[in-house]
Each structure stands twice: as C-alpha cells, then as structure tokens.
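Residue numbers (the working numbering): -19 to 449.
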Ligand code: UD1
Ligand code: CA
C-alpha cells in the first residue's frame, strides 16, 4: 500500500504571541515541523505534502526539497487545510497520514503502529489518541457504548458531559486516501469557531458505515500539541529527556540529566562523560571517552576522542584527540585544534590552526594564525591581527617558543625552532632557529628604592601637616 503524508503547517499560532511562525519554533534546536518530517520520513512516506500559509516562504525555505507544498491562502480550519492537498494527492490510492506541524514529539514507532492497526482493521480512518489527566483544549474522542469511535468533538463545541472525556485526539490520523478527500467534501463550518474541522471527517465516515479505529498512544507525552509557550517548554523538557535517554543507553554517562542540554542532531561516542551545565548544540559531534563540562557550551563543533573541555565555549571549532581545553577558554569559528594540544585558561582562539602537541596555556588571543607542532605560546602572548581595517595572518613554525607577554604584529612569520624573548613586540619576520628580542634594555639604579620611598614619605607628611593647620 502506497504511503503518503499531509503535514498541516499553515496556522499562524496566535497563542504563541511571536513573530516566528509557530511550526518554526525550535524544540531542542530543531523547528517543530522538522521533527514531524523526521518521523514521517522514517515510515517511508512516498509523497509528503506540507500545507503552508502563514510564513509559507519561511517554512518552505526551511524544509527545502524534503516535501511538496500547497498553499492554504486563508486559514479556514484543519479540514480546509487538508483539502488543499487534493490537487496533488486526490488521484492517489493508498494510506495517508495526516499530522499537525505542532506535534513535535510523535515518534515514527507510533506512526508505524498506527498504520499497522489501520491496515489490519482495513479501516477508513484510524485516529491516534491519548489519555490525558488534563484534556482541556484538545478534541475529545466520543465512543459508543460498545467502545467504537463515534466522532471527535472540539473543546469549544463540547457539552459538559463530553468535556469529562479524557481520551483526546492527538491530531494525527491514518486515512484511506480516496475516502478522506470524498468525506472532506461534506465538511461544513457549522460550529463555534466557524472553521472547517478535519475532525468532522470521522463522524461523516462513521455515519456512512465505514470502519473507524482509534489507537491509544502508550506514551501520552507524544501527543503534546504546542499552542503556547507553556506547552513549548513542556515539549522541550520531554524531548530533552528523550534525547538524554538515547545517549545514556548508547553508553554516554550523563552525571545530571536535568542539567544537560543536548540538541536533537548532536552525536556522542561511548564512554564520554557529560558533567552538569553541558549544552551541546547544532551539528556538534563528540567522540568517545571525552570529558565535557562542567559548564560547557559547544555549537556546530567536532570534538575528537579523549578530549577534555571544562568551563568553556566553542562554536564552529574542531578539537583533536587527547587535547584539553579550559577552564575558561573560548574557541571561536575556525579554531582548529590538533591532537594532544593544551588550550588553557582565558585563552581565545579564532580562525587559527594550533597543530599537534602545542600549548597555549594562559591568557592568550590567537586569531588568524597558523601555529605549527610542538610550539609553546607563553602566558599573555597575543597575535595583533587587526589594524582597524584589515585582518592579517601570523605564522609560527614547528618547535618555536613564544615567550610570555609577546605581541606578534601581523602579518608576520616566526620560523621553525625560533625563540621570541618574553615581553617583545615583534614587527619583523624571524627566520628559523633565530632569536628575537624587542624590548628596552634593563637599567639598575643601586639603592634607589630607599631614596624613592624616603621622598614619597616626606611628601605625605607635608600634606598631612598642611591639612591640620
Ligand atoms: C487540533 C484538532 C484537535 C486536536 C488538536 C491536537 C481540529 C479541528 N482540531 O486542534 O481535535 O485535539 O489539534 O493538537 O483539527 N492549521 C492549518 N490551517 C488551518 C488551521 C490549522 O494548517 O486553517 C494547522 C496549524 O498550523 C497546526 C495544525 O493545523 O499545525 C493544528 O491547528 P490548531 O489550530 O493548532 O488546532 P487545535 O486547536 O490545536
Ligand atoms: Ca494545536
């Protein structure tokens, strides 16, 4: 049976009170509609149509060629939204999943089970339902005395008695494609919200004597429909728990899952330990046996096996095997740290290669640079890469030694094995194995400290006497 999907994503999401269109609000770093597409793709939908309206260009731009799109120019309800897909899918035979773009927690496992039941029962429609302690706001599943589904009633249209029902419509369904579009022709907007409800299709099919089934989700958390920021934070928490659990089952130690924030696309190798306050974002890849945290934020970066990073921030950076970063280091875009490198406290690296076995141990800024292997950069040494207009490059050869508090005024090259003496401000290239010193020669004035103190003391006494007079 051909599998298709229709994703509803045309609503503005008024209750979010946001400039960002609802389905583009991220949950653990991925827009809600992205999570929905992930689930749909995993059940091998052959054609996926996303109904767009508010923010159509933004939603299309985000999803790209992952789906086909139809425009719902006016948002006249979920039934009206599905009907817009008729031009694309109306002639197809098969099973169509309809799912809302604001239900990011629905899993592909659940979709798979929903479709199994649908096929087994040869149903016209199968609804994914859930039992909630607080069903307020959701459509209710109204069943006959024999337990069969009769219809779905929206919160706003429900009688007192219907509002007591705790089984809700999650907004995800399986339909026989041809019967879905036939039933939609009969849906009216004769209800409190004057909308064309998709949910009315259920009652219509039932009256026609068709088979309608419900599959009650074993995990009600999957059913969350995000309509406001409260539900958004709830979805974020549930998704975070799900992601953390997946990593722990894959062999990652998470010391305190409540204080560890991992976005959906991040990958982490086994035997890595994450300490509290770790935030891993975007396309970050962490290797095996790493120690990350406490208090680390890593975005779109690759961290290789056995690296250790504490109390630091990295974005669009790379850290090689066995290297250590922090505490209090800042790896900015283009920081490319080799193997067995030490990046110590209060060090900032931007757009710079630090090759294997080198050390930048304390209080340095290295920007727009290429640092070779086995280099030692002393405390407080910096690259001076910007003249207010241009960025210039610093090159430091293998085995070079840069003393403490050195300024390297770029463009500049320090040769292999060269030695730059502490406190120097270097403006000319230094050839391989040369020594460079660029500072005032020291002057000694014997006993002068005593003399200086005597003078200062006398001045203080004069001033005190004047004050008393
Ligand atoms: C809907 C269901 C309700 C269910 C709930 C689950 C209907 C009538 N009600 O209610 O039974 O319990 O979802 O979360 O279907 N959309 C469009 N075009 C429209 C209207 C909505 O594309 O004209 C999209 C929205 O962008 C959203 C989805 O459809 O992604 C659901 O719409 P929403 O207004 O959030 O419906 P609910 O009131 O939550
Ligand atoms: Ca909703």
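Using N, Cα and C, we set each Cβ at its ideal position, and we do this for glycine too.
Check your understanding: Taking DSSP as the reference, what is the three-state secondary structure of residue 63?
Key -> helix
Check your understanding: Using the C-alpha atoms, what's the distance from residue 104 back to residue 64?
Key -> 20 Å
Practice item. Check whether the Cβ atoms of residue 339 and residue 313 lie closer than 8 Å to each other. Key: no
**Study point:** Nearest candidate by alpha-carbon position, reference residue 410, set 188, 375, 257 and 441
**Key:** 375
Review point. Roughly how many whole angstroms lie between the Cα atoms of residue 217 and residue 243?
Key: 11 Å
Check your understanding: How many whole angstroms separate the CB atoms of residue 179 and residue 149, which I take to be in contact at a CB cut-off of 8 Å?
Key -> The pair is a contact, with the Cβ atoms about 6 Å apart (cut-off 8 Å).
**Study point:** 7 Å Cβ shell around residue 138 - same chain, five flanking residues per side excluded
**Key:** 120
Check your understanding: Do the segment 382 to 397 and the segment 344 to 359 meet, that is, are 3 or more Cβ pairs less than 8 Å apart?
Key -> These segments touch.
Point to revise | Neighbourhood of residue 337 by C-beta, 6 Å cutoff - its chain only, sequence neighbours within 5 removed | key: 320, 353 and 354, listed in sequence order.
Exercise for review: Using beta-carbon positions only, say whether residue 151 and residue 80 come within less than 8 Å of one another.
Suggested key: yes
Check your understanding: So is residue 11 buried or exposed if we call it buried at 16+ other beta carbons inside 10 Å?
Key -> buried
Exercise for review: Please check the pair residue 264 and residue 280, which I expect to be a contact at CB under 8 Å, by giving their CB distance rounded to whole angstroms.
Suggested key: Contact flag correct, Cβ pair sits at about 6 Å.
Exercise for review: Check whether the Cβ atoms of residue 397 and residue 413 lie closer than 8 Å to each other.
Suggested key: yes
Check your understanding: Cα-Cα, which of 361, 98, 110 and 201 is closest to residue 157?
Key -> Measuring from the Cα of residue 157, the nearest candidate turns out to be 98.
Review point. What's the call for residue 369, buried or exposed, on a 16-neighbour Cβ count within 10 Å?
Key: The Cβ neighbour count for residue 369, taken over all protein chains shown within 10 Å, is under 16; the residue is labelled exposed.
Exercise for review: Report the three-state DSSP secondary structure of residue 304 (helix, strand or coil).
Suggested key: strand
Point to revise | Minimum length 3: unbroken beta strand (DSSP E) runs contained in the segment 239 to 274 | key: Segments of the beta strand (DSSP E) lying fully in the segment 239 to 274: 240 to 242 and 258 to 261.
Point to revise | Uninterrupted beta strand (DSSP E) stretches inside the segment 378 to 410 (no shorter than 3 residues) | key: 387 to 389 and 392 to 394
Practice item. Put residue 204 into one of helix, strand or coil per three-state DSSP. Key: Here residue 204 carries a coil assignment [DSSP, helix/strand/coil].
Check your understanding: Which term fits residue 113, buried or exposed, when burial requires 16 or more other beta carbons within 10 angstroms of its beta carbon?
Key -> exposed
Review point. Would you say residue 57 touches ligand 4, meaning its beta carbon is less than 7 Å from a heavy atom?
Key: Looking for ligand 4 in the displayed structure turns up nothing; the ligands present are ligand 1 and ligand 2.
Exercise for review: Provide the residue span of the alpha helix (DSSP H) that contains residue 222, from first to last.
Suggested key: 209 to 229
Check your understanding: Heavy atom of ligand 2 less than 7 Å from the Cβ of residue 137, yes or no?
Key -> no
**Study point:** Neighbouring residues (CB closer than 6 Å to any heavy atom of ligand 2)
**Key:** 80, 82, 205 and 207
Exercise for review: Please say whether residue 401 and residue 416 have beta carbons closer to each other than 8 Å?
Suggested key: yes
Point to revise | Euclidean distance between Cα positions of residue 111 and residue 143 | key: Straight-line spacing of the CA atoms in residue 111 and residue 143 works out to 13 Å.
Check your understanding: Distance, Cα to Cα, residue 429 vs residue 420?
Key -> So the alpha carbons of these two residues sit roughly 20 Å apart.
**Study point:** When -8, 241, 234 and 16 are compared against residue 38, the one with the closest alpha-carbon
**Key:** -8
Review point. Taking one C-beta from the segment -16 to -2 and one from the segment 185 to 203 each time, how about it: are there three or more such pairs within less than 8 Å?
Key: no
**Study point:** Nearest residue (CA-CA) to residue 177, options 163, 360, 189 and 95
**Key:** 163
Check your understanding: Rounded C-beta distance between residue 272 and residue 291? I'm assuming under 8 Å.
Key -> Actually they are not in contact, since the Cβ atoms of residue 272 and residue 291 sit about 11 Å apart, beyond 8 Å.
Check your understanding: Whose C-alpha, out of 136, 188 and 181, is nearest the C-alpha of residue 174?
Key -> Here the closest residue by C-alpha is 136.
Check your understanding: Alpha carbon to alpha carbon, what distance is there between residue 134 and residue 117?
Key -> 8 Å
Check your understanding: Who pairs with residue 156 in a beta bridge, going by DSSP?
Key -> 75
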